[in-house]
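Novice: When you read off a place in the sequence shown, starting at 1, and then add 4, the result is the number in this note's numbering.
Virtual Cβ for every residue (Gly too), placed ideally from N, Cα, C.
Have a look at this one.
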Amino acid sequence: MTPARPWPLIAHDPALVALQGLARRQGARVWLTGGTLRDLLLGLAPPDLDLSTDGDALALGRALAQALGRPFVPLKEALATCRVVLEQGHLDLVGLRAPGLEADLRRRDFTVNALAAPLAGVLAGRAAIKDPTGGLADLGARRLRLAGPGVLSDDPLRVLRAYRFLASHGLSLAPGLEQDLAAAAPGLFRVARERIAQEWRKLMAAPAAAPAVWAMERGQVLTRLMPELAMGRGVLQNPFHHLDVLEHNLATLAHLEELAAGGGVYAGSLLLQEASAYLAGQNARAQLKTAALLHDLGKPATRRPKAPGWATFHRHDLVGAGLAGQAARRLGLSKAEAGHIASLVAGHMRPFHLLGAATRGGLSRRAVRRLLVACGQHLPGVFLLGLADTMAGRGPMRPAEAEERLLALYGQVAELRDRELAQALAAPPLLDGHQLMAGLSLEPGPEVGRLLGLLREAQLDGLVDTPQAALALARRLIRPPRLGRR
């Protein structure tokens, strides 16, 4: 097969033109490979460039970086892998890892990535694609298939990567692959957590993460990664809900993803308008989706049966926040990311509490201020999570127009914020999270967020006015973690 259509997307790329000239002078051949070629064949503009060479990859990479005046980064010198950082994205160059190109391609993870096109042909607008594993047919069928035996045992991270490709490229698992992934999933615990975290971020940032996570659950992979989620399987809720806790967590992720993609019927609401800027932050989308998946982790531990068909879950938000932070750290996410996810989980009931208070006695200025202090810049994220939570509950006792009431509340909160509270809230906090954790030897988690909220309220009430006074108050307010009330 010799497709000509994709090549114009990169045929004039100056980095590729320079690399081909250097390779020709050194008597080396270079091929476009991996995700770059896959994305081009799907009609996508690849964010980065992946290439292989039968020459000296490190020497070629250094020469290219020097010619372009760009940074050179050796990644794995023993495996002859390097990176040239471009103005936009980067170019990765790797030496062949087997005798010959075909043998090298057969060692790749999936058939759709085991493709190669000679760079010289790509730049000329005509290139015969090397396809030893049937990747072109699989790509045409949007099918994900292993490139060969031993692929998953060689690198168990490919289990998670498979589901990421479902989320990012709309692929489906080839027959039998779900069973292969389930069998290989225990090997994920041998993988460096930093690599797992990188794949998880990519998965959750993808446009179709929710269906992929559902597939992970069906394939018994999700609860291996996050055993806390398994505790919700079969745990019934109350008549506001129609799903058990595990399925409700998954459904909330699906609705959050729908909202993050544009909001559907709620696209014109103030919440969705303000959320677009919030979701543009680095990793914000992936972290909010992760929080949606984990938001009710605390329910199994706090469930207390009441009347038939009814149960309470007092403090499940705070208990769940601790579990969510724990799960996030096990994935290899940073302390800051885990703390952010835990704070979102800890705050996901706040809009409902405020809605209840407003229904009973009106919306007070102090209650709104407390919410704004507690949520800070994450106010749109907390309300998005609450809205997705509401959309995922379809039980017979579900309040009518629940979503509309929540959206109206956000509008009221935002109006009061802008009209009366903006100036007071503009004063910087006396302590930030890092200073508080250092001063009290705390780990990231919901307790840090709770203390910061209380300190901010005390500052706005004029009770503390120096960092030292704020830290002294925090020492008096700190409390050990505890499970729900009995």
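Measure the beta-carbon distance from Val417 to Val372 and round it to whole angstroms, keeping in mind my assumption that it falls under 8 Å.
Specialist: The residue given as residue 417 occupies position 413 in the sequence shown. The residue given as residue 372 occupies position 368 in the sequence shown. The pair is a contact, with the Cβ atoms about 5 Å apart (cut-off 8 Å).
Novice: From what residue to what residue does the alpha helix (DSSP H) around Ser347 run?
Specialist: For the purposes of this step, residue 347 is taken as residue 343 along the sequence shown, with counting starting at 1. First-last of the alpha helix (DSSP H) with Ser347: Lys339 to Gly351.
Novice: Keeping to the same chain, check which residues put their C-beta closer than 7 Å to that of Arg489; ignore five residues upstream and five downstream.
Specialist: Here residue 489 refers to the residue found at position 485 when the sequence shown is read from its first residue. Its pLDDT being 38, under 50, Arg489 is placed unreliably in this model, and the value from its coordinates should be taken loosely. Excluding positions up to five away in sequence, the list reads His318 and Arg319.
Novice: Quick one: grab the DSSP three-state call for Phe76.
Specialist: Within the sequence shown, residue 76 is the residue found at index 72, counting from 1. Phe76: strand per DSSP, three-state reduction.
Novice: Name the residue from Ala478, Val349 and Val452 whose alpha carbon lies nearest to the alpha carbon of Gly462.
Specialist: Along the sequence shown, read from residue 1 onward, the residue named residue 462 stands at position 458. Per the sequence presented here, residue 462 reads as Ala, with Gly not at that position. Answer by Cα proximity: Ala478.
Novice: Tell me the start and end of each unbroken alpha helix (DSSP H) in the region 32-75 that is at least 4 residues and wholly inside, in chain order.
Specialist: Correct list: 38-45 and 61-72.
Novice: What does DSSP give as the partner residues of Ala315 in its beta bridges?
Specialist: Stepping through the sequence shown from its first residue, residue 315 is reached at position 311. In the DSSP output, where bridge partners are listed per residue, Ala315 has Pro309.
Novice: Quick one: any contact between the region 80-91 and the region 118-127, if contact means 3 or more CB pairs under 8 Å?
Specialist: No: fewer than three Cβ pairs fall under 8 Å.
Novice: Distance, Cα to Cα, Leu23 vs Ala188?
Specialist: Against the sequence shown, residue 23 aligns to sequence position 19. Against the sequence shown, residue 188 aligns to sequence position 184. C-alpha separation (whole angstroms): 38 Å.
Novice: Check whether the region 141-150 and the region 100-112 are in contact - that is, three or more C-beta pairs closer than 8 Å.
Specialist: The region 141-150, when compared against the region 100-112, does not touch it at the 8 Å Cβ threshold.
Novice: Taking contact to mean 3 or more Cβ pairs, one atom from each stretch, closer than 8 Å, check whether the region 212-227 and the region 333-353 are in contact.
Specialist: With a cut-off of 8 Å, the region 333-353 and the region 212-227 do not count as touching, because too few Cβ pairs lie within range.
Novice: For the alpha helix (DSSP H) that Pro215 lies in, which residues bound it at each end?
Specialist: Numbered from 1 along the sequence shown, position 211 holds the residue referred to as residue 215. Note, Pro215: alpha helix (DSSP H), Ala213 to Arg222.
Novice: Indicate whether the contact test is met: 3 or more Cβ pairs, each with one atom in the region 111-120 and one in the region 147-166, closer than 8 Å.
Specialist: Yes, the region 111-120 touches the region 147-166.
Novice: Does the distance from the CB of Leu263 to the CB of Ala392 come in under 8 Å?
Specialist: As a first step, residue 263 must be located in the sequence shown, where it is residue number 259. As a first step, residue 392 must be located in the sequence shown, where it is residue number 388. In contact: Leu263 and Ala392 (Cβ atoms closer than 8 Å).
Novice: How many angstroms separate the CA atom of Pro190 from the CA atom of Ser338?
Specialist: Within the sequence shown, numbered from 1, the residue matching residue 190 stands at position 186. Within the sequence shown, numbered from 1, the residue matching residue 338 stands at position 334. Cα-Cα distance, rounded: 23 Å.
Novice: How long is the line joining the alpha carbons of Asp96 and Ser445, rounded to whole angstroms?
Specialist: By 1-based counting over the sequence shown, the position of residue 96 is 92. By 1-based counting over the sequence shown, the position of residue 445 is 441. Approximately 41 Å between the Cα atoms of the pair.
Novice: Does Leu240 pass the burial test, meaning 16 or more other C-beta atoms within 10 Å, or should it be called exposed?
Specialist: The residue you call residue 240 lines up with position 236 of the sequence shown. So Leu240 counts as exposed.
Novice: Between the Cα of Thr316 and the Cα atoms of Asp422, Lys303, Leu44 and His173, which residue gives the shortest distance?
Specialist: In the sequence shown, counting from the first residue as 1, residue 316 sits at position 312. Of the candidates Asp422, Lys303, Leu44 and His173, the one whose C-alpha sits nearest the C-alpha of Thr316 is Lys303.
Novice: Assuming Thr115 is part of the alpha helix (DSSP H), what are its boundary residues?
Specialist: Here residue 115 refers to the residue found at position 111 when the sequence shown is read from its first residue. Neither: Thr115 is in no alpha helix (DSSP H) and is coded neither H nor E.
Novice: Below 8 Å, how does it come out for the region 296-312 and the region 355-364: are there three or more Cβ pairs, yes or no?
Specialist: No, they do not touch.
Novice: Output the distance between the C-alpha atoms of Leu233 and Leu161, rounded to the nearest integer angstrom.
Specialist: Looking up residue 233 in the sequence shown gives position 229. Looking up residue 161 in the sequence shown gives position 157. Near 20 Å, if we compare the C-alpha coordinates of Leu161 and Leu233.
Novice: Reducing DSSP to helix, strand and coil, say where Arg147 ends up.
Specialist: By 1-based counting over the sequence shown, the position of residue 147 is 143. Residue state, collapsed to three classes: strand.
Novice: Leaving out five residues before and five after Gly238 in sequence, what residues of the same chain have Cβ atoms less than 7 Å from its Cβ?
Specialist: Against the sequence shown, residue 238 aligns to sequence position 234. Cβ within range, chain order: Asp248.
Novice: Hey, out of Glu203, Glu251, Leu388 and Asn242, whose CA is closest to Ala281's CA?
Specialist: Taking the first residue of the sequence shown as 1, we reach residue 281 at position 277. Comparing Cα positions, the closest option is Leu388.
Novice: To which residues of the same chain is Leu425 closer than 8 Å at the C-beta, ignoring the five residues directly before and after it?
Specialist: In the sequence shown, counting from the first residue as 1, residue 425 sits at position 421. Closer than 8 Å at the Cβ level, and outside the excluded window around Leu425, lie Arg369, Val372, Arg373 and Leu376.
Novice: Where does Gly399 sit, in a helix, a strand or coil, going by DSSP?
Specialist: Position 395 of the sequence shown, counting from 1, holds the residue named residue 399. Gly399: coil per DSSP, three-state reduction.
Novice: Taking all protein chains shown into account, do 16 or more other C-beta atoms lie within 10 angstroms of the C-beta of Phe193, making it buried, or fewer, making it exposed?
Specialist: For this step, residue 193 is matched to residue 189 along the sequence shown. Its Cβ having fewer than 16 others within 10 Å, Phe193 is exposed.
Novice: For Pro10, which option in Ala32, Ala49, Leu26 and Pro18 has the closest C-alpha, if you only look at C-alpha atoms?
Specialist: Counting from one through the sequence shown, the residue named residue 10 turns up at place 6. Taking only the C-alpha atoms, the option nearest Pro10 is Ala49.
Novice: Could you tell me the boundaries of the beta strand (DSSP E) in which His320 lies?
Specialist: Sequence index remark: in the sequence shown, residue 320 carries index 316 (1-based). No beta strand (DSSP E) holds His320; the alpha helix (DSSP H) holding it covers His320 to Arg334.
Novice: Quick one: grab the DSSP three-state call for Pro355.
Specialist: Along the sequence shown, one-based indexing puts residue 355 at 351. Looking at Pro355 - three-state DSSP - the assignment turns out to be helix.
Novice: Tell me which residue opens and which closes the beta strand (DSSP E) that Leu95 is part of.
Specialist: By 1-based counting over the sequence shown, the position of residue 95 is 91. That run of the beta strand (DSSP E) goes His94 to Gly99.
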